[in-house]
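Below is one structure, written out as structure tokens, with a few remarks after it.
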Amino acid sequence: MRIWRDRRRTNFSSDDLQLLDLVGPAFVAALRRCRQRGAPSVVCHDSTLLALSERERDVAQLVSCGLSDKEIARRLGISLCTVRTHVSHAFRKLGVDNRMKLVQRLGL
83 MRIWRDRRRT
93 NFSSDDLQLL
103 DLVGPAFVAA
113 LRRCRQRGAP
123 SVVCHDSTLL
133 ALSERERDVA
143 QLVSCGLSDK
153 EIARRLGISL
163 CTVRTHVSHA
173 FRKLGVDNRM
183 KLVQRLGL
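So this is what it looks like as structure tokens:
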């Protein structure tokens, strides 16, 4: 899970900040629970998911916990470039173009 603002966009509005204040505690609690439990296991429900390599599934699981590429690299003991390659391959194999769609496609 993550909340970010594209650099090209203006700062959050006061309404945005109020909303973030409301959901912030629940967001932080959910992130803590996810990190304490570790990455959920991927359950492959169709042949498309089976197309992912074991390492691509490992990376996808950590993506689903909201870890950054840098955190995934550290946790798995691989380079940042390798993480990005695995994410890119998973996107291509599952026909998605962003992390949220990847997590949804995996059913995590």
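Going by my numbering, the first residue of the sequence shown is number 83, and it counts up by one from there.
All C-beta atoms in this analysis are idealised placements derived from N, C-alpha and C, irrespective of residue type, glycine included.
Note that the structure is a prediction, hence the values are computed from the model and not measured.
So, helix, strand or coil for residue i, using DSSP?
i                : result
alanine 133      : coil
threonine 164    : helix
leucine 101      : helix
leucine 149      : coil
valine 141       : helix
phenylalanine 94 : coil
valine 178       : coil
arginine 89      : coil
For the putative contact between residue i and residue j, defined by C-beta atoms under 8 Å, what is the C-beta separation to the nearest angstrom?
i          : j          : result
valine 169 : valine 145 : 7 Å
Is it the case that the Cβ atoms of residue i and residue j are separated by a distance below 8 Å?
i             : j                 : result
alanine 142   : leucine 188       : yes
glutamate 136 : histidine 171     : no
leucine 184   : phenylalanine 173 : yes
Return the chain-ordered list of same chain residues with a C-beta closer than 8 Å to the C-beta of residue i, the five sequence neighbours on each side being excluded.
i            : result
lysine 175   : Thr130, Ala133, Leu134, Glu138
leucine 162  : Asp151, Lys152, Ala155
threonine 92 : none
Which residues in the same chain have their Cβ closer than 6 Å to the Cβ of residue i, if we skip the five residues on either side of it in sequence?
i           : result
leucine 104 : none
With a CB to CB cut of under 7 Å and the five nearest residues on each side skipped, what residues in its chain are close to residue i?
i             : result
glutamine 186 : none
valine 165    : Val141, Asp151, Ile154, Ala155
Answer yes or no: does any C-beta atom of chain B fall closer than 8 Å to that of residue i?
i           : result
leucine 188 : Considering every chain present, this structure includes no chain B. It has just one protein chain.
* Taking one C-beta from the segment 170 to 186 and one from the segment 150 to 157 each time, how about it: are there three or more such pairs within less than 8 Å? -> no
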